[in-house]
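See structure below.
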Amino acid sequence: MLPNGSDLRNALTHGPVEKVATRKKTLRKALLWFVFCTTVLSAKLNTSDYLMDGITEAFTSSQNLTLLGTAAVSIFALRNYDDDIQRYSQKHGLMSNTLSHQLDLYGGRWAYPVLLGLAALKSGTRDEKMDRLLFSSSAIGVTMMTTIVIKKATGRLRPNSENRRSFPSGHTSGSFAVAAVVDELYGEKAGVPAYLIAGLVGVHRIHDNEHWLTDVIAGAALGTIVGRGFAAAYRTASNGDSSRLVPERDSRPIMVRLVIPIY
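Under my numbering, the first residue of the sequence shown carries the number 2, and numbering increases by one thereafter.
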């Protein structure tokens, strides 16, 4: 069957425009990451060893490897149910749209500045606050960068067919990284609610038809292991050689600008 005139007009007018807009959006995000990396480097922090310790701990500790293996098995076992769960969520809904909107704001925008604010406001010396800020921003930054790399490598189509950036869920990975950091800084009384909210963010992504169930499982595992990895590095550096975390001293104030694109 030949397409009608309306279909042809839509294909000719909207298709190229949408592709150009997508390319521009991707370029803007890449530029934001460039700004993030250059500003962190210009802050003159001794972070290379600390970052390597956090990444190594995240992907080599026995506890994290167990979690990663469990997530991999779950994804393999549940991948054939993605369509069923997606259809059910779109037919019946998993939560109210109001709650879903609030969780979208949390997972995509407010969780990160709130976390950095909590890290800065917690009592302690200037160096201790800088340590916590470095810990928090590093855990989030590495989580998001890893998420983006995996998204590009897998190219999985979203359930709403909007783009091929479905696996894993960035909102979910970021929210679970935040929960791991909160759990480290404030203990389980704050950590458990943070993990519960992170779980709800994952449910919201399915409810909004932005992700498959297995995207959310992968995001939750990724955010948790990276957050825990940097928590271990933070504990080691705080209890031992804290010189890895403390900024180099000079006469100029230290400013770090953190820009995190979520998609």
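By construction, the Cβ of each residue, glycine as well, lies at the ideal position given by its N, Cα and C atoms.
Since the structure is predicted, the reported quantities are computational estimates derived from the model, not experimental observations.
Quiz item: Alpha carbon to alpha carbon, what distance is there between residue 195 and residue 333?
Solution: In the structure as shown, the chain starts at 2 and stops at 264, and residue 333 therefore has no counterpart that could be examined.
Quiz item: Using the C-alpha atoms, what's the distance from residue 228 back to residue 70?
Solution: Residue numbering aside, residue 70 sits at position 69 when the sequence shown is read from its first letter. Residue numbering aside, residue 228 sits at position 227 when the sequence shown is read from its first letter. Those two C-alpha atoms are separated by around 17 Å.
Quiz item: Mind checking whether residue 106 and residue 174 have CB atoms under 8 Å apart?
Solution: Residue numbering aside, residue 106 sits at position 105 when the sequence shown is read from its first letter. Residue numbering aside, residue 174 sits at position 173 when the sequence shown is read from its first letter. In this structure, residue 174 does not lie closer than 8 Å to residue 106 by Cβ.
Practice problem: Leaving out five residues on either side along the sequence, give the residues of the same chain with a beta carbon under 8 Å from the beta carbon of residue 28. | Solution: If you number the sequence shown from 1, residue 28 lands on position 27. Unreliable placement is indicated for residue 28, whose pLDDT of 46 sits below 50; the coordinate value is still reported in the next sentence. Excluding residues within five positions, none has a Cβ falling inside 8 Å.
Quiz item: Taking the alpha helix (DSSP H) that residue 211 falls in, what are its first and last residues?
Solution: Against the sequence shown, residue 211 aligns to sequence position 210. Per DSSP, residue 211 belongs to no alpha helix (DSSP H) and is neither H nor E.
Quiz item: Taking the alpha-carbon positions, what's the residue 232 to residue 134 distance?
Solution: Walking along the sequence shown from the start, residue 232 turns up at place 231. Walking along the sequence shown from the start, residue 134 turns up at place 133. Between residue 232 and residue 134, the C-alpha separation is close to 12 Å.
Self-check item: Supposed close pair residue 96, residue 204 - CB separation, criterion 8 Å
Solution: Walking along the sequence shown from the start, residue 96 turns up at place 95. Walking along the sequence shown from the start, residue 204 turns up at place 203. Their Cβ separation, rounded to whole angstroms, is 6 Å, which keeps residue 96 and residue 204 in contact under 8 Å.
Quiz prompt | Residue nearest to residue 187 in terms of C-alpha spacing, selected from 120, 168, 166, 127 | solution = Taking the sequence shown and counting its residues from 1, the one referred to as residue 187 is at position 186. Closest by alpha carbon: 120.
Quiz prompt | Selection from 209, 115, 214 that minimises the alpha carbon distance to residue 168 | solution = Taking the sequence shown and counting its residues from 1, one reaches residue 168 at position 167. Comparing Cα positions, the closest option is 214.
Quiz item: Where residue 237 and residue 51 are concerned, what is the direct C-alpha to C-alpha distance, given to the nearest angstrom?
Solution: Position 236 of the sequence shown holds residue 237. Position 50 of the sequence shown holds residue 51. When rounded, the distance between both Cα atoms is 10 Å.
Exercise. Over the uninterrupted alpha helix (DSSP H) stretch that includes residue 82, give me the two end residues.
Key: Numbered from 1 along the sequence shown, position 81 holds the residue referred to as residue 82. First-last for residue 82: undefined, no H or E at that position.
Practice problem: Run the CB neighbour count on residue 154, radius 10 Å, all protein chains shown included, and call it buried at 16 or more, exposed below. | Solution: On the sequence shown, residue 154 is found 153 positions in, with the first residue counted as 1. Exposed, because fewer than 16 other Cβ atoms sit within 10 Å of the Cβ of residue 154.
Quiz item: What runs of the alpha helix (DSSP H), each 4 residues or longer, lie entirely inside the segment 59–145?
Solution: 63–79, 83–93, 98–106, 112–122
Practice problem: Round the Cβ separation of residue 219 and residue 72 to the nearest angstrom and send it over; I've been treating them as touching at under 8 Å. | Solution: As a position in the sequence shown, residue 219 is number 218, starting the count at 1. As a position in the sequence shown, residue 72 is number 71, starting the count at 1. Yes, residue 219 and residue 72 are in contact; Cβ-Cβ is about 6 Å, under 8 Å.
Practice problem: Please list, in chain order, all residues of the same chain as residue 239 whose beta carbon is under 7 Å from its beta carbon, the five residues on each side excluded. | Solution: Residue mapping note: residue 239 aligns to position 238 of the sequence shown, counting from 1. Excluding sequence neighbours, residue 239 sits near 132.
Quiz item: For residue 223, which three-state DSSP category applies?
Solution: Locating residue 223 in the sequence shown gives position 222, counting from the first residue. In the structure shown, residue 223 sits in a helix (DSSP, three-state: H, G or I).
Self-check item: Residue interval of the alpha helix (DSSP H) (run including residue 177)
Solution: As a position in the sequence shown, residue 177 is number 176, starting the count at 1. Per DSSP, residue 177 belongs to the alpha helix (DSSP H) from 171–187.
Quiz item: Among residues of its own chain, excluding the 5 on either side of residue 116, which ones have a beta-carbon nearer than 8 Å to its beta-carbon?
Solution: Position 115 of the sequence shown holds residue 116. For residue 116, where only same-chain residues beyond five positions count, the Cβ hits under 8 Å are 137, 141, 179, 182, 183.
Quiz item: Would a C-beta distance cut-off of 8 Å place residue 226 and residue 78 closer than the cut-off?
Solution: Translated into the one-based positions of the sequence shown, residue 226 becomes position 225. Translated into the one-based positions of the sequence shown, residue 78 becomes position 77. No.
Quiz prompt | Cβ neighbours of residue 87 in the same chain (closer than 6 Å, five flanking residues each side left out) | solution = For this step, residue 87 is matched to residue 86 along the sequence shown. Taken in chain order, the residues that qualify are 160.
Quiz item: For the putative contact between residue 90 and residue 207, defined by C-beta atoms under 8 Å, what is the C-beta separation to the nearest angstrom?
Solution: Walking along the sequence shown from the start, residue 90 turns up at place 89. Walking along the sequence shown from the start, residue 207 turns up at place 206. 5 Å between Cβ atoms; contact.
Quiz item: Taking C-alpha atoms, which residue in 109, 234, 193 lies nearest to residue 172?
Solution: Stepping through the sequence shown from its first residue, residue 172 is reached at position 171. Minimum Cα distance to residue 172 is reached at 109.
Quiz prompt | Residue environment, residue 126, which counts as buried when at least 16 other CB atoms sit within 10 Å | solution = In the sequence shown, the residue the question calls residue 126 occupies position 125. By the neighbour-count rule (16 or more Cβ atoms within 10 Å), residue 126 is not buried but exposed.
Quiz item: Alpha carbon to alpha carbon, what distance is there between residue 209 and residue 101?
Solution: By one-based count along the sequence shown, residue 101 stands at place 100. By one-based count along the sequence shown, residue 209 stands at place 208. Rounded to the nearest angstrom, the two C-alpha atoms are 7 Å apart.
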